[in-house]
Amino acid sequence: MNILVLNCGSSSLKYKLFEMTTYEVLAKGQADRIGLPGALFTHETPGLAPVQCETPLADHAAAVSALLTHLADARQGIPADRSDIAGVGHRVVHGGEHFRSSVVVDPAVRGLLEKTKALAPLHNPPNLMGIDVCARLMPDVPQVAVFDTAFHQTMEPRAFTYAIPYRYYAEDAVRRYGFHGTSHRYVAARTAELLAGRSGDPRIITCHLGAGSSLCAVAKGKSRDTSMGFTPLSGLVMGTRSGDLDPAVVSFLMEKERCSIAEALDILNRQSGVFGISGVSPDFRDLEQEAARGHERARLALDVFAYSAARGIASLIPAAGGLDALAFTAGIGENSPVMRLRICAYFSWLGLKLDEDKNNAGGEGDIAAGESAVRVFVVPTDEEKMIARETEAVLKK
Ligand code: AMP
């Protein structure tokens with residue numbers, strides 16, 4: 046079975062075609078600047094040189110047509126029978142309160158999805174456009190929506206209720222939702238497997254540390270609380286996002302810069318985080334390099350990030366009911382032994398200790414010292430693969 050995974054942004058589209066027995070990526074690519082001058086389409090088949098074309102892409106339908114043409118073109122490496130698509134898995138950022146798991150999109154589901162647009166006005170409209178376009182161009186292929194929020198729908202009201210007048214929840218669904226759910230779900234399940242029955246129902250905090258970062262407290266396999274909230278802006282300090290701050294800072298910025306709420310949010314979304322602090326880069330490789338050369342604000346940015354993650358982990362221990370394991374994933378969590386060490390150092394009082402060699406080794410595995418009171422894992426995540434797996438599971442139901 047082959048599954049196509051699609052992630053549609055407002056002017057971009059990314060895709061991967063998976064063969065589901067081996068999870069081999071048969072092809073992948075992306076379209077950028079859809080609907081704008083200078084649109085660019087890139088298609089890659091493993092073992093062949095990437096095909097890049099600057100071609101006008103009037104809208105997402107044109108981009109999906111282009112990708113279907115490339116997939117069907119045997120000269121680009123995939124034999125025609127292998128380019129068959131059994132289903133399309135769409136990343137949908139926000140599922141609101143209604144969607145607790147992935148679903149096949151039928152007319153009733155499509156109607157409900159329409160209501161989620163207001164909750165994620167930047168992300169959900171292009172995500173849904175991707176679904177509509179594929180449904181039109183591939184009417185016989187099932188479309189599956191896989192939500193970033195779904196895994197966190199098991200949070201209890203005490204974890205998701207914001208302390209603002211209740212009517213904003215009752216009437217407008219303003220609450221904590223949490224994101225990166227597909228990744229947290231996979232990493233928690235894999236960590237439980239790696240613990241191999243060492244603790245009955247492990248209490249795990251999954252640390253998805255990448256360009257966007259979030260934490261999730263998992264007990265009995267369910268999300269109990271998470272660091273992101275109503276939007277993916279809150280929680281930990283991130284690459285360019287501020288994470289949690291006093292909301293009064295927003296009105297201060299608006300007065301100081303004489304700017305609109307949209308411009309103030311742009312400062313918090315795109316000009317903040319470790320990039321804002323350091324003035325250097327949102328990329329942790331650059332920051333680690335600059336910090337090693339003595340760049341003070343790069344050092345400060347890394348300090349603030351590590352502390353923010355440790356503080357976030359500590360704050361989630363009550364939700365997990367204790368802590369048997371930490372699991373690190375995503376770009377920073379998987380690839381930065383230095384950052385894992387710095388975060389874990391905050392928990393030495395708990396008896397948590399890393400094995401230096403294992404921490405530096407790379408790849409999946411337990412990196413805690415034998416005597417550590419808390420196990421620590423690195424679990425590589427692959428959100429597209431997880432979306433493909435979710436899609437396959439929904440289609441087999
Ligand atoms: P992601 O959003 O999961 O793709 O993660 C992207 C982030 O991972 C970027 O900030 C990168 O700097 C960071 N990253 C990737 N590789 C490394 C590495 N070897 N060391 C430190 N950070 C890394």
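For the sequence shown, the residue numbers in the working numbering are 46 to 442.
Beta carbons: idealized from backbone N, C-alpha and C, even for Gly.
Note that this is a predicted model, so its numbers are computed, not measured.
Check: residue i C-beta below 6 Å from any heavy atom of the ligand AMP
| i | result |
| --- | --- |
| Ala256 | yes |
| Phe329 | yes |
| Ile412 | no |
| Gly376 | yes |
| Ser381 | yes |
| Gly324 | no |
| Gly284 | yes |
Anticipated Cβ contact below 8 Å, residue i with residue j, distance rounded
| i | j | result |
| --- | --- | --- |
| Ile250 | Leu386 | 17 Å between Cβ atoms; not a contact. |
| Val138 | His105 | Val138 to His105, Cβ: 16 Å. No contact. |
| Val325 | Val282 | Contact flag wrong, Cβ pair sits at about 15 Å. |
| Val421 | Leu395 | With a Cβ gap of about 11 Å, Val421 and Leu395 do not count as contacting. |
| Leu51 | Val133 | 6 Å |
| Gln198 | Arg145 | 4 Å |
According to DSSP, residues forming a beta bridge with residue i
| i | result |
| --- | --- |
| Ala19 | Because the chain in this structure spans residues 46 to 442, residue 19 falls outside the shown range and cannot be described. |
| His253 | Ser259, Thr374 |
| Gln97 | Thr87 |
| Gly134 | Val50, Val189 |
| Thr271 | Cys261 |
| Asp118 | BP columns for Asp118 are empty, so no partner. |
| Arg303 | Per DSSP, none; premise fails for Arg303. |
Residue i versus the options, residue with shortest Cα-Cα distance
| i | options | result |
| --- | --- | --- |
| Val439 | Ala165, Ser360, Gly407, Gln188 | Gln188 |
| Pro292 | Leu310, Ala264, Pro277 | Leu310 |
| Ala84 | Ala111, Ala208, Glu69 | Ala111 |
| Met273 | Glu302, Arg220, Leu240 | Arg220 |
| Asn405 | Lys162, Ser381, Glu428 | Ser381 |
| Glu142 | Ile176, Asp217, Val186 | Asp217 |
| Gly410 | Val178, Val423, Asp369, Leu332 | Val423 |
| Arg356 | Ser305, Phe329, Gly339, Ala390 | Ala390 |
| Asp151 | Ala163, Ala190, Asp129 | Ala190 |
| Phe86 | Tyr60, Pro363, Val70 | Tyr60 |
| Thr66 | Ser55, Cys53, Gly54, Met46 | Met46 |
| Ala359 | Ala107, Ile306, Met200, Phe392 | Phe392 |
| His135 | Arg155, Tyr213, Gly245, Ser279 | Arg155 |
| Val109 | Ile123, Ile48, Arg181 | Arg181 |
Cut-off 8 Å between Cβ atoms - residues of its own chain near residue i, not counting five sequence neighbours on either side
| i | result |
| --- | --- |
| His253 | His225, Ser228, His229, Val232, Ser259, Leu260, Cys261, Thr374, Ala375, Gly378, Thr426 |
| Gln121 | Ala72, His88, Thr90, Leu93, Val96, His115 |
| Ser353 | Leu281, Val282, Gly288 |
Contacts around residue i, its chain only, beta-carbon distance under 6 Å, and the 5 residues preceding and following it disregarded
| i | result |
| --- | --- |
| Arg344 | Ala336 |
| Ala237 | Pro247 |
| Gly367 | Arg248 |
| Ala264 | Arg248, Ala365, Gly366 |
| Lys162 | Asn169, Pro170 |
Proximity test, residue i beta-carbon vs the ligand SAH heavy atom, cut-off 6 Å
| i | result |
| --- | --- |
| Asn169 | Absent from the structure shown: the ligand SAH. Ligands present: the ligand AMP. |
7 Å Cβ shell around residue i - same chain, five flanking residues per side excluded
| i | result |
| --- | --- |
| Ile322 | Arg342, Leu345, Ala346, Val349 |
| Ser57 | Gln75, Ala76, Asp77, Ile79 |
| Ser317 | Thr285, Arg286, Ser287 |
| Thr443 | It is not possible to answer for residue 443, since the shown part of the chain is limited to 46 through 442. |
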